[in-house]
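Okay, so the sequence shown: first residue is 809 according to my numbering, each after it adds one.
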Amino acid sequence: MGGCASRPKDLNVQARRRPRLRLPPEVTNKIVEETTTELTEEVEKEKVTASIESSEPKDTQVNDAKAGREM
């Protein structure tokens with residue numbers, strides 16, 4: 809019984825000895841801002857690409873149009 813009771817105490821001591829490393833808020837904010845900007849630009853590019861692809865006629869639409877004109 810005594811061994812089990814002392815174990816959490818040892819873990820707590822170990823946890824206190826290892827401080828949590830944190831970046832200063834300025835650095836964290838800069839990283840978040842840069843990442844957000846990059847992701848926003850990437851999403852905008854994907855929207856433009858999707859818009860272009862959706863406006864282009866599909867092969868079947870082109871073939872149907874040709875077939876309709878030939879008749």
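Using N, Cα and C, we set each Cβ at its ideal position, and we do this for glycine too.
Alpha carbon of residue i to alpha carbon of residue j, nearest angstrom
| i | j | result |
| --- | --- | --- |
| residue 860 | residue 843 | 26 Å |
| residue 828 | residue 836 | 15 Å |
Residue i (DSSP reduced to helix, strand or coil)
| i | result |
| --- | --- |
| residue 879 | Unreliable placement is indicated for residue 879, whose pLDDT of 48 sits below 50; the coordinate value is still reported in the next sentence. If DSSP states are grouped into helix, strand and coil, residue 879 belongs with coil. |
| residue 829 | coil |
Cβ pair residue i, residue j closer than 9 Å
| i | j | result |
| --- | --- | --- |
| residue 839 | residue 847 | no |
Short CB-CB distance (under 9 Å) between residue i and chain D
| i | result |
| --- | --- |
| residue 837 | Note that chain D does not occur in the displayed structure, where there is just one protein chain. |
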